[in-house]
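Chemist:
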Amino acid sequence: MKVLITGATGLVGRRLTTVLLSQNIQVHYLSTRKEKLETAPNYKGFYWNPKEGEIDCACLDGIDAIIHLAGASIAAPWTAKNKKAILSSRIDTAALLLARLQEKKQRITSFISASAIGIYPSSYTASYKEEVPIEIEKDNFLQSVVVAWEKAAQDFSAVAAHVACIRIGLVLSTQGGLLGSLLPLVKMGVASPIGSGAQWQSWIHTEDLVQIFVQALKAQWEGVYNAVAPNPCTQKVLLQQLGKQLHRPIWLPPVPPLALKVFLGERSALALSSQLVQPKAVAEKQFKFQFPQLEKALEQVLKK
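The sequence shown runs 1 to 304 under our numbering.
Here is the structure:
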């Protein structure tokens, strides 16, 4: 089997590539930086410049599937320029791949796209499974990105026998994201919940997330899948667990939501939104989580 990966040099992409190569699956990957292109047994990089519609079409030679992980970070300030980059890095990149496949009249077995649980409205009480009807909220930037992201993925049904969207939750990693931002604060003893701290955090260990992509590839999954562990927690519990494992107290009063909104503006939604998400479709595929419990997952992550 030969797979093309976008975003292969990112946190999830790097680990996914390693796992696929260990299983004798050939990997082609795309990079916008020519100095990052490598060639090794079963592993080859190709240049692309999606902004200019440029891509080395040799990347598509003989591929069976595409795993689309490319996407600019949502943690950057939400200026008009960055918002455009967040959207185009997901949508325009997919459109470029689709256009080239159609030009070559090439079909593939699977197109598997990253997505996000940000598609679900913020709620302290609703429990979201994949089949839940989604209310589209006005002026919800994250939701609008994910809706367009998944639409771009579904367009691949024209050339792919199977299309899957993997809605990713909070990835537990010290390399970035919410956890990466919280760790220095917890270590200094100055971390505190935001607002009530009752916001639901639907999280997943990197290893489990990678295995979901691997199984989606091998078993030709189709449809939408929530990539979250089966035991979500509140933000307050997440902080308490971090404090416990790092032997630091969580004692400061909560950060008022209004203060965060003044400081971060629209981007405050990243810390204030609450999504209680369940991996129903993943469970129906008999997927076995290696890290279903937060305590063990954090323990393993922090050991690294």
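Glycine included, every Cβ here is placed at the ideal spot set by N, Cα and C. A quick note: this is a predicted structure, and the numbers were derived from the prediction, not measured.
(1) At what residues does the beta strand (DSSP E) containing L170 begin and finish?
(2) Would you mind reading off the limits of the alpha helix (DSSP H) that contains K280?
(3) How close, in whole Å, do the beta carbons of I63 and V3 come, if the pair is a contact with beta carbons under 8 angstroms?
(4) Give a yes or no on whether the C-beta atoms belonging to I194 and Q235 are separated by under 9 angstroms.
(5) Looking at the secondary structure, which residues open and close the beta strand (DSSP E) in which I91 lies?
(6) Note down, in chain order, each residue of its chain lying with its Cβ closer than 7 angstroms to the Cβ of R267, except the 5 sequence neighbours on either side.
(7) Could you tell me whether the segment 258 to 267 touches the segment 201 to 211, using the rule of 3 or more Cβ pairs below 8 angstroms?
(8) One question on the structure: do N226 and K288 come within less than 9 angstroms of each other, judged by their Cβ atoms?
(9) Would you mind giving the Cβ-Cβ distance between Y47 and D56, rounded to the nearest angstrom? I have them listed as a contact below 8 angstroms.
(10) Could you give the distance in angstroms between the alpha-carbon of N24 and the alpha-carbon of S192?
(11) Using 8 angstroms for Cβ pairs, my map puts A85 next to A72. What's the rounded Cβ distance?
(12) Closest to V224 by C-alpha separation, out of E150, Q199 and T6, would be which residue?
(13) Ignore the nearest five residues each way along the sequence and tell me which others in Q245's own chain have a CB closer than 7 angstroms to its CB.
(14) For the candidate residues G53, E35, S88 and L101, whose alpha-carbon lies nearest to that of A65?
(15) According to DSSP, is R33 part of a helix, a strand, or is it coil?
(16) May I ask you to report which of helix, strand or coil DSSP gives F263?
(17) Cα-Cα, which of V145, A94 and F111 is closest to L87?
(18) Tell me the residue span of the alpha helix (DSSP H) that contains K2.
(19) Give the DSSP-derived three-state secondary structure of K303 in the structure shown.
(20) According to DSSP, Q26 sits in a beta bridge with which residue or residues?
(21) Let me check understanding here. Comparing Cα to Cα, which of I168, P184 and H68 lies closest to Q175?
Modeler: Based on what the coordinates show:
(1) L170 to L172 is the span of the beta strand (DSSP E), which, as asked, contains L170.
(2) For K280, the enclosing alpha helix (DSSP H) has its first and last residue at K280 to E284.
(3) 6 angstroms
(4) yes
(5) Per DSSP, I91 belongs to no beta strand (DSSP E); it is in the alpha helix (DSSP H), A80 to E103.
(6) P77 and W78
(7) no
(8) no
(9) 5 angstroms
(10) 45 angstroms
(11) Indeed, because the Cβ distance is near 5 angstroms, the residues count as touching under 8 angstroms.
(12) E150
(13) Answer for Q245: L298, E299 and L302, listed in chain order.
(14) L101
(15) coil
(16) helix
(17) V145
(18) Not the alpha helix (DSSP H): K2 falls in the beta strand (DSSP E), residues K2 to T6.
(19) Looking at K303 - three-state DSSP - the assignment turns out to be helix.
(20) Q26 pairs with K2.
(21) P184
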